DNA sequence: GTATTATGCGTACATTTGTACTGGAGTCAA
DNA sequence: TTGACTCCAGTACAAATGTACGCATAATAC
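Residue numbers (this note's numbering), protein chains in the order written: chain E, 51 to 179; chain X, 51 to 179.
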């Protein structure tokens, strides 16, 4: 049932903002995005329309204003996106990616602790898979 | 000096094969790729030409046959690609991605050990950043 | 040598992506 | 009731992407 076309990079950005806001108008998303990069209102509008047509968001009119809300959970999209990347870039292997993340991008002390906690948890209840 | 245009998904796949083989003709790359998915010879050829024109590979003729070799290290491309993904999908935060990797994709027992080792190593010599 | 096969080059082309302008229609202030 | 705004739908359009066909030439097989 889940054959949505994949989201492009720019669309992902918009989707992320939408997840953050939960429910938002184009204007709100545009404002949020504008904080970090220059982007036209109409451009955001197009992305959101595409989000909807690709099945990643639902939308309705609240009076004059169109409201969007995500219809696919971030976890799902993340899984699909990351899986694809891991597939293409590492032939499906996860470890090299983690290695890269840990070694090449700074992992803060806090993050380290959290990671450890995660590993511990995993090791306890039936690890592997 | 490094303003290469980014590689597309399909190009990444080809690049990966090229890294693996170190030096290869279109035919070799095509054969390797064919193992996992149906793809036309000429298509691979186009990708490799694009790899070269984007500055990711060098090439020359060995007699009749054109040989390609990567001119950018995997680590570099991986960094650029992953950084971009992390930026767009997680707003720049690394931890959520790792969490996803560890929780949602099976990490084997072996991998776990390796990860731990990595963390240990990091913690020793000046951790953080 | 002549047919067959490999290769490389150029070209093509439909889609998707990134980005944005335009015009109409409601809304508010003066 | 005339601007000045705001918001939406539609359209536009160049560049990038995915995918491949066709032609010329060189290598091989008969």
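Ideal placement from N, C-alpha and C gives every residue a C-beta, glycine not left out.
Computed from a predicted model, the values in this text were never measured in an experiment.
Item checked: residue 107 of chain X: first and last residue of the uninterrupted beta strand (DSSP E) it sits in -> 107-112
Next item on the list: Below 8 Å CB to CB, which residues in the same chain sit around residue 177 of chain E once its five sequence neighbours on both sides are set aside?
Entry: A caution first: residue 177 of chain E carries a pLDDT of 44, below 50, which makes its placement in the model too unreliable to give a value.
Notebook entry, point to check: Would DSSP call residue 90 of chain E helix, strand or coil?
Noted result: coil
Notebook entry, point to check: Taking Cβ positions only, does residue 138 of chain E come closer than 9 Å to chain X?
Noted result: yes
Check: residue 107 of chain X: buried (16+ other C-beta within 10 angstroms of its C-beta) or exposed?
Finding: buried
Notebook entry, point to check: Can you tell me whether residue 111 of chain E is buried or exposed, with buried defined as 16 or more other CB within 10 angstroms of its CB?
Noted result: exposed
Notebook entry, point to check: Can a CB atom of chain E be found closer than 9 Å to the CB of residue 157 of chain X?
Noted result: yes
Next item on the list: State the Cα-Cα distance for the pair residue 137 of chain E and residue 114 of chain E, rounded to the nearest angstrom.
Entry: 44 Å
Checklist line | Same chain, Cβ closer than 6 Å to residue 123 of chain X, neighbours up to 5 away in sequence not counted | finding: none
Margin query: Any beta carbon of chain E sitting closer than 9 Å to that of residue 90 of chain X?
Written below: no
Note to self: On the criterion of 16 or more Cβ atoms from any shown chain inside 10 Å, does residue 65 of chain X qualify as buried, or is it exposed?
What the structure shows: Residue 65 of chain X should be labelled buried.
Checklist line | Interface residues of chain X facing residue 66 of chain E [CB-CB closer than 9 Å] | finding: In chain order: 138, 139, 140 and 141.
Note to self: Quick check on residue 129 of chain E - is its C-beta less than 9 Å from some C-beta in chain X?
What the structure shows: yes
Check: Run through DSSP, which three-state label would residue 144 of chain X get?
Finding: coil
Check: Using Cβ-Cβ distances below 7 Å, what residues of the stretch 144-172 of chain X are close to chain E?
Finding: 144, 145, 147, 148, 149, 150, 151, 152, 154, 155, 156, 157, 158, 159, 161, 162, 164, 165, 166, 168, 169 and 172
Check: What in chain X is Cβ-close to residue 132 of chain E, meaning under 9 Å?
Finding: For residue 132 of chain E, the chain X residues whose Cβ falls inside 9 Å of its Cβ are 135, 139, 147, 150, 151, 154 and 155, in order along the chain.
Next item on the list: Using beta-carbon positions only, say whether residue 59 of chain E and residue 134 of chain X come within less than 9 Å of one another.
Entry: In this structure, residue 134 of chain X lies closer than 9 Å to residue 59 of chain E by Cβ.
Item checked: Helix, strand or coil at residue 117 of chain X according to DSSP, with G and I counted as helix -> strand
Note to self: Using C-beta distances below 7 Å, list every residue in its chain close to residue 55 of chain E, excluding the 5 sequence neighbours before and after it, in chain order.
What the structure shows: The answer, listed in chain order, is 104.
Item checked: 8 Å CB neighbourhood of residue 79 of chain E in its chain, flanking five on each side removed -> 64, 67, 68, 71, 94, 98 and 118
Checklist line | Partner residues on chain E for residue 62 of chain X, Cβ-Cβ distance less than 9 Å | finding: 135, 138 and 139
Check: Residues bridged to residue 74 of chain E by DSSP?
Finding: DSSP lists E/118 as partners of residue 74 of chain E.
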